[in-house]
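Since the structure comes first, as structure tokens, the remarks are kept for the end.
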Amino acid sequence: MDCLARSLNEPKAFTPIFDRHFDAVHRYLHRRAGRDVADELAAETFAIAFERRTSCRGTGSALPWLYGIATNLLRRRWRAERRQLRAFARSGVDRWVNYEDEAASRVDDAAFGARLAGALATMRRSERDALLLYALAGLSYGEIAIALDVPVGTVRTWLHRAREVARQELAEPAPRSLANSGADVNG
Amino acid sequence: MVELDVFRDFRFGVAEPSADARERASVRLGTVIEGRPRRATSILRPVRERPGRVMLAFAAVAVATAVALFVSVPWKSSPGFLERAQAALTPPAGTVVHMKWQETRSSTDAACKVTFAPSEMWIDQAPPYRYRGIVNGLPVPGDPSPCASGPPIEGGGTLEPPPVRGYLGPGDPAAAFREALENGTARDEGQTQLDGRTVERIRFTDPKGCFVLEPDCEPMAVFVDPETFYPVRIVNPNGNAPSGRFSSDVRYLTYEYLPGNAENRALADIR
Numbered sequence: 077m078d079c080l081a082r083s084l085n086e087p088k089a090f091t092p093i094f095d096r097h098f099d100a101v102h103r104y105l106h107r108r109a110g111r112d113v114a115d116e117l118a119a120e121t122f123a124i125a126f127e128r129r130t131s132c133r134g135t136g137s138a139l140p141w142l143y144g145i146a147t148n149l150l151r152r153r154w155r156a157e158r159r160q161l162r163a164f165a166r167s168g169v170d171r172w173v174n175y176e177d178e179a180a181s182r183v184d185d186a187a188f189g190a191r192l193a194g195a196l197a198t199m200r201r202s203e204r205d206a207l208l209l210y211a212l213a214g215l216s217y218g219e220i221a222i223a224l225d226v227p228v229g230t231v232r233t234w235l236h237r238a239r240e241v242a243r244q245e246l247a248e249p250a251p252r253s254l255a256n257s258g259a260d261v262n263g
Numbered sequence: 191m192v193e194l195d196v197f198r199d200f201r202f203g204v205a206e207p208s209a210d211a212r213e214r215a216s217v218r219l220g221t222v223i224e225g226r227p228r229r230a231t232s233i234l235r236p237v238r239e240r241p242g243r244v245m246l247a248f249a250a251v252a253v254a255t256a257v258a259l260f261v262s263v264p265w266k267s268s269p270g271f272l273e274r275a276q277a278a279l280t281p282p283a284g285t286v287v288h289m290k291w292q293e294t295r296s297s298t299d300a301a302c303k304v305t306f307a308p309s310e311m312w313i314d315q316a317p318p319y320r321y322r323g324i325v326n327g328l329p330v331p332g333d334p335s336p337c338a339s340g341p342p343i344e345g346g347g348t349l350e351p352p353p354v355r356g357y358l359g360p361g362d363p364a365a366a367f368r369e370a371l372e373n374g375t376a377r378d379e380g381q382t383q384l385d386g387r388t389v390e391r392i393r394f395t396d397p398k399g400c401f402v403l404e405p406d407c408e409p410m411a412v413f414v415d416p417e418t419f420y421p422v423r424i425v426n427p428n429g430n431a432p433s434g435r436f437s438s439d440v441r442y443l444t445y446e447y448l449p450g451n452a453e454n455r456a457l458a459d460i461r
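First to last, the sequence lines map onto chains A and B. Numbers 77 to 263, taken from my numbering, label the letters of the first sequence in order. Numbers 191 to 461, taken from my numbering, label the letters of the second sequence in order.
Below is the structure:
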């Protein structure tokens, strides 16, 4: 039975899907692209999901499929996302997200966050998508495959490459400038 | 997986969505569920009581032109293509987009093929971004065939937000094209001959050719004028109708920017 099957005949049955998953999808988008983008794209994700609910696959939660739509929407903005990551990596200041506890200011985490941002900016887009679905959304390999509509083997390949990039980037003794790295040419 | 698990901390602790953001998203979803147009306000003639029909008809065009424009492939276009296209597609300020197209639909599932009468649309590029269209190829209530067509419908309203880049509702394919270029999600596949003329074939798809995930989605073919980059023809094999899949072949008979004078603005105003 397809996920969301009930809402095919009863459109309002889709509403609980929104209630259940909106926060998770928004949080994922917020962590990837900032709050303003998350506000817009989270709404867009559910509007698209409803319109295309016949294409929802799987027998379990609709969440991986929703993450897939959200990830596709982010692809419109992959250059902006990469610019954010590079700026964060260079400056150590993350101006795009809002934290629950701003008072803590996260000074201790900022430097490491900047290094993670630098590594993410260096990855190809597909590798970054797979990694962030794994790390931020907490999806399994199989769920990432559903989200990105690719074979599980492809997910394994992308995550393997992402791991190699992360290992290399995070092994650097200090954050390096990404301004002229020319990295991520293929997104 | 240690190298990957460290990314679980990336931007950990971000704030929950605001009540306002959640409410706006909920209202938007409710609008879609109830079948009301969500990106445009519209006025219809002569069937004002069925706004969804015009949106569906407009969507047929918009889907054919814009859906796949937002997905990505690695950029490996010929030298200068990006610069030439961006320069050519920068719209003259305050103009009115005028386009006329003709759609042919065919379906193996429904064993049918039909060419609809031409449709026409004007989009004012100045606030409040009024548009007006006369659309053929509208679905017929109660007839599931993708080849069924009701009478032409005149529809219009205002578009929000500009530029027109939505995947549903009235859409300017060049606007979506511009966005794809800016985002690096369009790829030049070189020149080819089509209907006796030279055109540039552009690909706007991810490897699967789908914007939203559909396992059996096929790539879409988009052809543009090699000089102006205005749309010439778009072939989208991914149409869905109650009676089965269909292919939509949209030929642009006219695509132009009209001067933004009062006379041309009136063409985009259905009031």
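C-beta atoms are modelled at their ideal positions from N, C-alpha and C, and glycine is treated no differently. Only a predicted model underlies this, so the values are computations on that prediction, with no experimental measurement involved.
Give every residue of the same chain whose Cβ lies closer than 8 Å to the Cβ of Q292 (chain B), excluding the five residues on either side of it in the sequence, and list them in chain order.
T305, F306, A307, P308, S309, V440, R441, L443
For L212 (chain A), would you say it is in contact with chain B, using Cβ-to-Cβ distances shorter than 8 Å as the test?
yes
Compute the beta-carbon to beta-carbon distance between P336 (chain B) and A300 (chain B), rounded to the nearest angstrom, for a pair I have assumed lies under 8 Å.
6 Å
On the DSSP bridge assignment, give the partners of M289 (chain B) in chain order.
B:M311, B:Y445
What's the gap between the Cα of T187 (chain B) and the Cα of V422 (chain B)?
The requested residue 187 (chain B) is not part of the displayed model; chain B covers only 191 to 461.
DSSP three-state call for F200 (chain B): helix, strand or coil?
coil
Which of the residues in the stretch 135-159 of chain A, read from start to end, lie with their CB under 8 Å from any CB of chain B?
W141, G144, I145, N148, L149, R151, R152, R153, W154, R155
Inter-residue spacing [alpha-carbon to alpha-carbon] between R201 (chain A) and D99 (chain A):
24 Å
Those residues which DSSP pairs with A114 (chain A) across a bridge
In the DSSP output, where bridge partners are listed per residue, A114 (chain A) has none listed.
Going along the chain, which residues of its own chain have a beta-carbon closer than 7 Å to the beta-carbon of Y104 (chain A), five neighbours each way excluded?
Y143, A146, L212, A213
Determine the extent of the alpha helix (DSSP H) in which L208 (chain A) is found, giving its start and end residues.
201-211
Chain-ordered chain A contacts of L194 (chain B) [CB-CB under 7 Å]
L207, Y210, A211, L235, A238, R239, A242
Residue-level contact to chain A via CB, T444 (chain B), 8 Å cutoff:
no
Grouping DSSP H, G and I as helix and E and B as strand, with all else coil, what is D362 (chain B)?
coil
Quick check on S167 (chain A): does DSSP put it in helix, strand or coil?
helix
Going along chain B in order, which residues have a C-beta closer than 9 Å to the C-beta of E176 (chain A)?
G203, V204, A205, E206
Would you kindly report the start and end of the unbroken beta strand (DSSP E) that includes T382 (chain B)?
377-384
Applying a beta-carbon distance threshold of less than 8 Å, which residues of chain B neighbour A119 (chain A)?
A211, R214, A215, R218, L219
Going by C-alpha to C-alpha distance, which of B:E453, B:Q276, B:I460 sits closest to Y420 (chain B)?
B:Q276
So, under 8 Å CB-CB, G284 (chain B) and A316 (chain B) are touching, yes? Tell me the CB distance rounded to an integer number of Å.
5 Å
Count the other C-beta atoms from every protein chain shown that fall within 10 angstroms of the C-beta of G258 (chain A), then say buried if there are 16 or more, exposed otherwise.
Since pLDDT at G258 (chain A) reaches only 33, below the 50 mark, its modelled position is unreliable, and the value read off the structure follows with that caveat. Flag for G258 (chain A) reads exposed.
Cutoff 8 Å: H97 (chain A) Cβ touching any chain B Cβ
no
Distance between beta carbons of W141 (chain A) and A223 (chain A), contact taken as under 8 Å
7 Å
May I ask which residues mark the beginning and end of the beta strand (DSSP E) holding G323 (chain B)?
320-325
Residues that DSSP places opposite N426 (chain B) in a beta bridge
B:S438
Where the beta strand (DSSP E) containing A89 (chain A) begins and where it ends
Note, A89 (chain A): premise wrong, no beta strand (DSSP E); not H, not E.
Touch test, the stretch 235-249 of chain A against the stretch 152-161 of chain A, Cβ-Cβ under 8 Å, three pairs minimum
no
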